[in-house]
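Working notes for the structure below.
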Amino acid sequence: MPEAATEPGLPFRILPRLTDRNRHFWTGGEAGELRFLRCQSCGYYIHPPTPVCPRCHSKELAPEAVSGRATLFTYTVNHQNWMPGPELPYIVAIVAIPEQDDLRLTTNLVEMSPEECVIGMPLEVTFEHHEDVWIPLFRPAQ
Amino acid sequence: MRVDDSLVIERRAVISGAGQSDIGRRLYRDPLELTLDACLVAIADAGLTTADIDGVATYPGPMDVPPGFSGAGVVDVQDALRLELGWWSGGIESPGQLGSVINACLAVAAGLATHVLCFRSVWEGSAQGDKGRAGVMGGGGGGYRASGFMEWTMPFAAPSAAIWIAMMAERHFHEYGTTREQMAQIALNARKNAGVNPNAIYRDPMTMEDYLNVRMISSPLCLYDCDVPCDGATAVIVSHADTVADLRKPGIQVEAVGTALRGRPSWDQFDDLTTMANRDAGAQLWTRTDLKPSDVQLAEMYDGFSFITMTWLEAMGFCGKGESGPFIEGGERIARDGVLPLNTHGGQLSAGRLHGYGFLHEACVQLWGEAGERQVPGDPEVGVAAAGGGPLAGALLLTRRR
Ligand SMILES: [Zn+2]
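Below is the structure:
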């Protein structure tokens, strides 16, 4: 896959180091898909990805796309300039993925203001493309 | 279920001495020098010499990154003091910072050592210099890519525990109706106590108005909810209880410890984000003693962020689940003359981020009756020292031997 530079106007982001274990997650956005590793034996979604299913210990695991829907589990409005990044203040959130009770993701909420954050609100995934990585962010569900 | 007393071998250990180096916001001193200062004070405090020390334990061991997080490892101290060791251990994978002290208790109970020097030293104040925490955050270019746990936080501009803890606090606020005015009492109480601790870093009075008006870091955590990076070292001596006759002062009995981690070891995947691993460590501790939360006369519990202390209050059973907000409201219960004096030295929020060991030091000093102007009244005999946040948690229940 050819590497594309970060598009103009996007914030600086520290990117993940891609490995055979995590590449499906960080590149699924190229196809518009939020992907998690899923056990092909028992159906459990595994996040962060591991080589063995934590529930049934099967090694038959494969990335699968989920719907991209989520609900807001909790969040913070960050005002501190820790490092170069999105314009302050920005929202860091933990979202709950509806496909499985314990499937959660730390992410940023975008296309909304901090005042609009309500725990439980419906969200949908959107991706921000940097180099060889598509970062899954969430915005209010349309 | 109550664990049989014959298995509670941490009770064969006592804390026999404690010491600290100079402590300051930025001392620009050799971190090993600070470490050795604290160690020698603690050894002398116990009435021992370096020839008596046959064990060393520390957290987290030598680490270059983040800068200032560790001032020395076991081997640095062993060599500097020319110690002959029957047992030693250092490392970051343990039940919080005090996991190292708990390891020492088990080592003396097992007969591998008799007097274990335990230490923790930091120089985060100097390391950050005038750049604040951003000075040690790393990243920022050069093709750096995040891996490990940071892979799941750095790409979202969430490099700090302030952000992770803030999200837990927000969830607690949501589920239980907790308020900033309630959480403020952790910071206000710490500052009030720091005012009578000559070694504390920030001692000027703080009001609720000050708290509510200071700048937000990551909502709902404001600046005063975050501990103060500093330079300094703390050491304690863990001795076998059979040696108490050789000691300079009464040993402090380790009555029981808690070390459990039953949830996922993660800041965002833990099953209940309104609590932390301390839930499991706290519950476990009470299975190893006949004492009850209501017997505890002082609690020195981790406040890397003020919300963490609230989770410790719930975890240790000092109040019900979700009830830490009402418990600390107004601040009377946790004041030095309250039902549960809390962080009587000023905690890490005001006395400085000595990272876990400061709480154990303060619990010992209070139980020895050596706390001077900040001494808890009533000659307290039972105290708790607890440290760690998120997936890290270790707690000790301490009693003064008669
Ligand atoms: Zn499975």
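Just so you know, the sequences run in chain order A and B. Following my numbering, the numbering of the first sequence begins with 1 at its first residue and continues without gaps. Following my numbering, the numbering of the second sequence begins with 143 at its first residue and continues without gaps. Glycine residues also receive a C-beta, built at the ideal position from the N, C-alpha and C atoms.
Under the 9 angstroms criterion on CB atoms, P48(A) is classed as interfacial with respect to chain B.
A distance below 7 angstroms between beta-carbons, with the five flanking residues on each side excluded, links R478(B) to the following residues of its chain, in chain order: N335, T486, R516 and V518. Using a Cβ-Cβ cut-off of 7 angstroms, T107(A) is close to F298 of chain B, given in chain order. Under the DSSP assignment, F315(B) falls in the alpha helix (DSSP H) whose first and last residues are A303 to Y318. According to the DSSP assignment, L109(A) belongs to the beta strand (DSSP E) that extends over R104 to L109. If you keep only unbroken beta strand (DSSP E) runs of at least 3 residues inside the region 167-217 of chain B, you get 197-200. Counting only beta-carbon distances shorter than 5 angstroms to the non-hydrogen atoms of ligand 1, the qualifying residues in chain order are C39(A), S41(A), C42(A), Y44(A), C53(A), R55(A), C56(A) and S58(A). Partner residues in a beta bridge of P51(A), as assigned by DSSP, do not exist. By the rule that beta-carbons nearer than 9 angstroms mark a contact, Y45(A) does not touch chain B.
Contact between the region 63-70 of chain A and the region 30-50 of chain A is established, with three or more Cβ pairs separated by less than 8 angstroms. Annotation: D172(B) to D132(A) spans about 43 angstroms, alpha carbon to alpha carbon.
In the DSSP assignment, H129(A) falls within the beta strand (DSSP E) that extends over P122 to H130.
Take Q100(A), set aside five residues on each side of it, and the residues of its chain with a beta-carbon closer than 8 angstroms to its own are Y44 and Y45, in chain order. The Cβ-Cβ distance between H24(A) and R357(B) does not fall below 9 angstroms. Only residues of its own chain outside the window of five on either side were considered, and among them L225, E226, L227, G228, W229, A255, T256, H257 and V258 have a CB closer than 8 angstroms to the CB of D196(B), listed in chain order.
In the DSSP assignment, L540(B) falls within the beta strand (DSSP E) that extends over G536 to R542. Excluding residues up to 5 positions away in sequence, E266, G267, Q270 and R495 lie with their Cβ nearer than 6 angstroms to the Cβ of P371(B) in the same chain. Per DSSP, F73(A) is one residue of the beta strand (DSSP E) stretching across R69 to N78.
Partner residues in the beta bridge of Y45(A), as assigned by DSSP, are R38(A). A straight line joining the alpha-carbon of P407(B) with that of V125(A) spans about 26 angstroms. By the Cβ criterion, the region 358-378 of chain B is in contact with the region 307-326 of chain B, since at least three pairs of Cβ atoms, one from each stretch, lie closer than 8 angstroms.
Put simply, the backbone Cα of I97(A) is about 28 angstroms away from that of F447(B).
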